[in-house]
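Inspection log for the structure reproduced underneath, given as structure tokens.
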Amino acid sequence: MTAWAAAVVLVIIVATLVPTPGLEQLRDWAAHLGPWFPVAFFTAYAVVTVTPVPRSTFTYSAAVLFTPAVAIPCSLVATGVAATLAFVGIRRLGHERTAALRADPRVASIDARLRRRGWLSVGSLRLVPAVPFSVVNYAAPLTSIPYPQFLLATLIGSAPGTVAAVLLGHSLTEGDGVAALWATGGFAAVGLVGMVLDAKLPVRPVR
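Residue numbers (our numbering): 5 to 211.
What follows is the structure, encoded as structure tokens:
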């Protein structure tokens, strides 16, 4: 096992074993940190979700701890930072090492699709809640998808689910989350349609 692969495995193990704080603990921290708590919370959001810790854990916590006007934009900023950190780290460590794999004809066509139209693939995957945030972050930089496409698709694709999750978490504290649940299901359906379209649409060769 190479050093970078061992490092990835170590991060996954640590992320699996280390428990995430509960809402009561977060409220205690909020009381102690005062106005600095939002900064600390969303910094932790950005750093911790680079690992396989589910992003939804922080998003729903933000929905309960903050107003939607704070939780939604700050969650999206933290999402973009986490995705960027993972993308840059994996691309620097693993992209060259997977060059031989991408040269395989069976993989080359997929890689070409991601290079030309990766925004649709990533954006569609981000719309589906069942697809782990970290898996896309780790897999995308091993392909030839450009970073600007990856980041833009991540922000746009994550926005509907983030809004729905925050509104759902916020509304459940008031006893009504039906609309947000329907919205989450609708966004997932759009994401699945996007993946089907991406698979069906031809990719024009690079001239």
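Yeah, the Cβ is synthetic: ideal placement off N, Cα and C, and Gly gets one too.
Please report the straight-line C-alpha distance between residue i and residue j, rounded to a whole angstrom.
i	j	result
G98	V140	15 Å
V210	E100	Bear in mind that a pLDDT of 46 at V210, under 50, signals an unreliable position, so the number given afterwards is only what the model happens to contain. Going by the C-alpha atoms only, they are around 21 Å apart.
G38	F45	11 Å
G122	Q153	7 Å
L155	A144	11 Å
M5	R120	A caution first: M5 carries a pLDDT of 48, below 50, which makes its placement in the model unreliable, though a value can still be read off. Roughly 32 Å between the two C-alpha positions.
A116	L146	13 Å
S79	P133	15 Å
S65	G93	27 Å
P72	R96	36 Å
R59	F137	7 Å
W40	A34	8 Å
T47	T88	14 Å
S148	A157	15 Å
I76	L159	12 Å
V74	P150	30 Å
G161	S175	22 Å
Y142	A163	20 Å
D32	P56	25 Å
G268	H36	Any property of residue 268 remains undetermined from this structure, which presents the chain solely from 5 to 211.
Since I believe residue j is in contact with residue i (beta carbons under 8 Å), could you give me their beta-carbon distance rounded to a whole number of angstroms?
i	j	result
L131	G165	6 Å
L118	S125	6 Å
Do residue j and residue i come within 8 Å of each other at the CB atom, strictly closer than that value?
i	j	result
V167	A67	no
A50	A82	yes
A86	V135	no
F70	P42	yes
How about residue i: is its C-beta nearer than 8 Å to some C-beta of chain D?
i	result
V167	Within the model displayed, chain D is absent; a lone protein chain is all it includes.
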